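Q:
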Amino acid sequence: METATARHGSPEANDSLIHRGTNQSGMRDHNERLVLSLVRQHGSLAKSDIARMTGLSAQTVSVIMRELEEEGLLVRQAPLRGKIGQPSIPMALNPEGAFFIGLKIGRRSAELVLIDFLGQVRSMLQHSYRYPAPRETVEFVTSGMKRMRGELTPAQDKRIAGLGIAMPFELWNWADTAGAPRDVMDEWRHRDIRSDIQAQCDFPVYLQNDATSACGAELVFGQAGGARDFVYFYIGAFAGGGIVLNGRLFGGPTGNAGALGSMPVPGPDGKPTQLIDVASIAMLEKALNARGVEASHLWTSPEDWGEIGSELDDWIASASQALAYAIVAASSVIDFEAAVVDGWMPQAVRRRLVDAIIAAIATIDGEGLKLPAVREGTVGIHARALGGASLPLSERFLIGSTTISRSA
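Take UniProt numbering: the last position of the sequence shown gets the number 408, and nothing is skipped along the way.
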């Protein structure tokens, strides 16, 4: 069985992949993933296009695409007639080909999302709280999955290919910052939430850091603008991030690569502090509470925060300065093409934050560095939940687009 080599010159056949449980060889599985990845990237492709892109023979591509069509993963589009020869028939992903569930466990809210093979949201549920508790979280997932799966036909339900959990690693370490009872947060230390949820599912369950998962959502579902190397920041209750290298999510041996919230940056007093202590939305909430303003709408209404006042201006000023330093520091290690900023915030606030970051970078000495283009993320407030759903999609159907840690 022939295999393809990536256009950038690195042999894709050496990638470590999780197979889909078929009787096909690993090489066939690799080539099927490659075809699905290309079709996802381009929207639709004809057999001749894929053969040209991959270096696979026309016969091999024809066999693969026919099998993927028979499996219900690809569908035919309207024929395209050229000036000569037979019309080509583009193939596209079948939205009904597979379904995926994503779970985001955050410090102030949980989300459960069901998406189809195109990444379109079919159903979404949200649960807000003052702090996350393991038992309540499992109950939310149990009832939520029952409701979501009840809305599917039996045929659709059988095509659920997995569930991905996006949550902060070592959540218990943030008890004081989250304002949560330490005994409740300590329960997370002794609970294997993946196993608890896996016990309820007849499909695989995966686990990944929440900000890294959000980065994966930008990679799989977003509009990366062609960038294959970018540093990603997700600004939620706490700031975090992820790294994409050569078009792939890089999690490192422990899944903690891109732990940008821990990056040292200048604090308000000029002394070093961590990015998480400046750029997190929890800092904005703290400032509002100090003025006697109830700030729960920051978590329950991320599309519209309303009029906040000077506290938002001050937060954007300090957060943008810290993020600018983080971007410049990251660029001294890897010359990223782009720095992407997204978060649990209204689009207008995200735009202001990115504009402020660009202005702040201009004041930092970047001599000797090639600084990345700073731009907004394209997935938005639900990036972590969608990133969770992207975990089983990537692991089962795509070529090396993510690195999963702590999975089954």
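All C-beta atoms, glycine included, are put in the ideal place defined by N, C-alpha and C. As the structure is a computational prediction, the values presented were derived from the model and not from experiment.
(1) What is the rounded straight-line gap between the Cα of E111 and the Cα of P253?
(2) Does the beta-carbon of R76 have 16 or more other beta-carbons within 10 angstroms, so that it is buried, or is it exposed?
(3) Given this structure, state the Cα-to-Cα distance separating L386 from P168, to the nearest angstrom.
(4) What are the start and end residues of the beta strand (DSSP E) that includes F397?
(5) I need the DSSP call for G242, collapsed to helix, strand or coil.
(6) In three-state DSSP terms, what is A279?
(7) Hey, T300 and S143: beta-carbon distance below 7 Å or not?
(8) Answer with buried or exposed for N246, where buried requires no fewer than 16 other C-beta atoms within 10 angstroms of its C-beta.
(9) Who are H127's beta bridge partners in DSSP?
(10) What does DSSP give as the partner residue(s) for M167 in the beta ladder?
(11) Which value, in whole angstroms, describes the spacing of the CA atoms of A51 and A362?
(12) Can you tell me where the beta strand (DSSP E) holding G150 begins and where it ends?
(13) Whole angstroms is fine: what's the gap from E67's alpha carbon to L207's?
(14) Is F203 helix, strand or coil by DSSP?
(15) At what residues does the beta strand (DSSP E) containing E376 begin and finish?
(16) Considering just the uninterrupted stretch of the beta strand (DSSP E) at R76, what are its terminal residues?
(17) Starting from L249 and walking both ways along the beta strand (DSSP E), at which residues does that stretch end?
(18) Runs of 4 residues minimum, wholly inside the region 270-316: which ones carry the alpha helix (DSSP H) assignment?
(19) Please report the Cβ distance between A257 and D342, rounded to the nearest whole angstrom; I am assuming they are in contact, meaning their Cβ atoms lie under 8 Å.
(20) Can you grab the Cα-Cα spacing for the pair I114 / S123, in whole Å?
(21) Report the partner residues of I160 according to the DSSP bridge assignment.
(22) Evaluate the contact criterion for the region 354-370 versus the region 317-331: three or more CB pairs, one atom per stretch, below 8 Å.
(23) In the DSSP assignment, what residue or residues form a beta bridge with K104?
(24) Touch check for the region 97-105 and the region 149-167: three-plus C-beta pairs under 8 Å?
(25) In terms of alpha-carbon separation, which member of Q126, E337, G251 and Y131 lies closest to F230?
(26) Roughly how many angstroms separate the alpha carbons of T60 and S48, rounded to a whole number?
(27) Ends of the alpha helix (DSSP H) at A58?
(28) Between which residues of its own chain and L393 is the CB-CB distance below 6 Å, once the five residues before and five after are set aside?
(29) Can you tell me whether residue 492 is buried or exposed, with buried defined as 16 or more other CB within 10 angstroms of its CB?
(30) Suppose you measure from the CA of A199 to the CA of G119; what does that come to, to the nearest Å?
(31) Is the distance from the Cβ of E311 to the Cβ of A287 below 7 Å?
(32) Going by Cα to Cα distance, which pick from G55, R81 and R108 is closest to L171?
A: Quick look at the numbers:
(1) Your numbering for residue 111 matches position 111 in the sequence shown. Your numbering for residue 253 matches position 253 in the sequence shown. Those two C-alpha atoms are separated by around 27 Å.
(2) By one-based count along the sequence shown, residue 76 stands at place 76. Exposed is the call here.
(3) Start at 1 with the first residue of the sequence shown, and residue 386 comes out as number 386. Start at 1 with the first residue of the sequence shown, and residue 168 comes out as number 168. Cα to Cα, L386 sits roughly 15 Å from P168.
(4) For the purposes of this step, residue 397 is identified with residue 397 of the sequence shown, where counting begins at 1. F397 -> not in any beta strand (DSSP E); alpha helix (DSSP H) instead, spanning A383 to F397.
(5) Mapped onto the sequence shown, residue 242 falls at position 242. The answer is strand: DSSP assigns G242 an E or B state.
(6) Within the sequence shown, residue 279 is the residue found at index 279, counting from 1. In the structure shown, A279 sits in a helix (DSSP, three-state: H, G or I).
(7) Working through the sequence shown from its first residue, we reach residue 300 at position 300. Working through the sequence shown from its first residue, we reach residue 143 at position 143. No, the pair does not count as a contact, with Cβ atoms beyond the cut-off.
(8) Counting from one through the sequence shown, the residue named residue 246 turns up at place 246. The residue is exposed, with fewer than 16 neighbouring Cβ atoms inside 10 Å.
(9) Here residue 127 corresponds to residue number 127 of the sequence shown, with the count starting at 1. Its beta-bridge partners are A110.
(10) Here residue 167 is taken as the residue at index 167 of the sequence shown, counted from 1. Its beta-bridge partners are N209.
(11) The residue labelled residue 51 in the question sits at position 51 within the sequence shown. The residue labelled residue 362 in the question sits at position 362 within the sequence shown. Near 45 Å, if we compare the C-alpha coordinates of A362 and A51.
(12) Here residue 150 is taken as the residue at index 150 of the sequence shown, counted from 1. Not the beta strand (DSSP E): G150 falls in the alpha helix (DSSP H), residues P134 to G150.
(13) On the sequence shown, position 67 is the one that residue 67 refers to. On the sequence shown, position 207 is the one that residue 207 refers to. So the alpha carbons of these two residues sit roughly 30 Å apart.
(14) By 1-based counting over the sequence shown, the position of residue 203 is 203. Three-state DSSP puts F203 in coil, outside helix and strand.
(15) As a first step, residue 376 is located in the sequence shown; it is residue number 376 there, counting from the start. Here the beta strand (DSSP E) through E376 covers A373 to E376.
(16) The residue labelled residue 76 in the question sits at position 76 within the sequence shown. Start and end: L74 to R76.
(17) By 1-based counting over the sequence shown, the position of residue 249 is 249. Looking at the DSSP string, the run of the beta strand (DSSP E) that includes L249 is R248 to F250.
(18) 276-279, 281-290 and 297-300
(19) Taking the first residue of the sequence shown as position 1, residue 257 is located at position 257. Taking the first residue of the sequence shown as position 1, residue 342 is located at position 342. With a Cβ gap of about 18 Å, A257 and D342 do not count as contacting.
(20) Here the question's residue 114 lines up with position 114 in the sequence shown. Here the question's residue 123 lines up with position 123 in the sequence shown. For the sequence presented, residue 114 should be read as Leu rather than Ile. The straight-line gap from Cα to Cα measures roughly 5 Å.
(21) Along the sequence shown, read from residue 1 onward, the residue named residue 160 stands at position 160. Its beta-bridge partners are F99.
(22) yes
(23) Start at 1 with the first residue of the sequence shown, and residue 104 comes out as number 104. DSSP, once it has assigned bridges, lists E111 and A166 as partnering K104.
(24) yes
(25) Here residue 230 refers to the residue found at position 230 when the sequence shown is read from its first residue. With distances taken between Cα atoms, F230 lies closest to E337.
(26) Sequence index remark: in the sequence shown, residue 60 carries index 60 (1-based). Sequence index remark: in the sequence shown, residue 48 carries index 48 (1-based). T60 and S48: Cα-Cα distance of roughly 11 Å.
(27) Mapped onto the sequence shown, residue 58 falls at position 58. Start and end: A58 to E70.
(28) Position 393 of the sequence shown, counting from 1, holds the residue named residue 393. Counting only Cβ-Cβ distances below 6 Å, and skipping sequence neighbours, we find F100.
(29) In the structure as shown, the chain starts at 1 and stops at 408, and residue 492 therefore has no counterpart that could be examined.
(30) Taking the sequence shown and counting its residues from 1, the one referred to as residue 199 is at position 199. Taking the sequence shown and counting its residues from 1, the one referred to as residue 119 is at position 119. For A199 and G119, the distance between alpha carbons rounds to 25 Å.
(31) Residue numbering aside, residue 311 sits at position 311 when the sequence shown is read from its first letter. Residue numbering aside, residue 287 sits at position 287 when the sequence shown is read from its first letter. Contact flag set, yes.
(32) Here residue 171 is taken as the residue at index 171 of the sequence shown, counted from 1. Of G55, R81 and R108, the residue nearest in Cα terms is R108.
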